[in-house]
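Contents: one structure, followed by commentary.
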Amino acid sequence: MKSLTLTIVCLVACFFASAQVLPSFQLGLKAGANFSKFNTENTFSSDNRAGFYGGLWARIGAAGLHFQPELYVSGKKTNLVSDATGEVNSVRFTSLDVPLLVGTKFGAVGIGARINTGPMFSFILDENQSFGQAAGNVFKADFKDQAVAWQFGAGLDIKKLSIDARYELGLSKINKSGYPGTKLNLFTIGLGYRIL
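Here the sequence shown is numbered in my numbering, starting from 144 and rising by one per residue.
As structure tokens, then:
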């Protein structure tokens, strides 16, 4: 009985070790929702609004660590409200986002939890603003074509499916003029499917 128990423990330990140590490459599709909010240094407040994202992810790992580059198109929406006048500027961005994440995974037998963090580079492809009645160009902002952020997240893998939740902290100011000191923060949730 002891030898059977020892054999089972050794097999399970070897399986866990091989799942974390051996080099691996994975590729998949991903889509989800984001909730955007401006962080400003002035007399404006911002409301969270839902957007979308979708694209590809890859994961290259060994020795319990992985590098996870991603590429996806993201639609981000937020409202900026003047605390003085109550005027609302609704802003929508379409961007190409490139997170470069480093993380680790815990678990085996096709089920595992992940944590990851890393920089995210956003390249704005399109930007639209709509204004309240009297806002005019006084309320308009001129946004940059790129932004840098930092992502923190966790995920759960179940066979080929994955669930992710992340917070994205804007590091760079995204406006050239208009609102002073404007950064974009996001919370994202998403589903992924591994194709390789």
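Idealized CB from N, CA, C, for every residue including glycine.
Note that the coordinates shown come from a computational prediction; the quantities given were computed from them, not determined experimentally.
Rounded distance between the beta-carbons of residue j and residue i, thought under 8 Å
i    : j    : result
L294 : F264 : Looking at the sequence itself, residue 294 is Gln, so the reference to Leu does not match. With a Cβ gap of about 11 Å, Q294 and F264 do not count as contacting.
A174 : L334 : 6 Å
A256 : A297 : 7 Å
K319 : D285 : 4 Å
Candidates the options, of which the one nearest residue i by Cα
i    : options                   : result
A193 : L329, Y336, G335 and L334 : L329
Y215 : G171, N318 and N222       : G171
K287 : I267, S233 and G204       : I267
G218 : K180, L165, L314 and A201 : K180
R235 : L223, L244, L243 and V241 : L223
L314 : A308, G261 and I306       : G261
R337 : D240, R202 and N182       : R202
A251 : I301, L327 and N182       : I301
Q169 : F210, N177, A176 and F178 : F210
N177 : D240, N259, L165 and V245 : D240
E213 : K326, N259 and L327       : N259
T325 : L312, E230 and D307       : L312
S167 : T221, T247 and L199       : T247
With 16 other Cβ atoms within 10 Å as the buried cut-off, status of residue i
i    : result
A292 : buried
N232 : buried
S238 : buried
I254 : exposed
K303 : exposed
G197 : exposed
P242 : buried
D269 : exposed
N182 : exposed
G207 : exposed
N271 : exposed
L165 : exposed
L244 : buried
is_contact[residue i, chain B] using C-beta, thresh 8 Å
i    : result
A251 : Here chain B cannot be found, since the structure has a single protein chain.
Residue i Cβ short of 7 Å to the ligand GTP heavy atom set
i    : result
V231 : Looking at this structure, you won't find the ligand GTP or any other ligand, since it has none at all.
- Residue ranges of each beta strand (DSSP E) within the region 247-331, 3 or longer: 254-274, 289-301, 304-313 and 318-320
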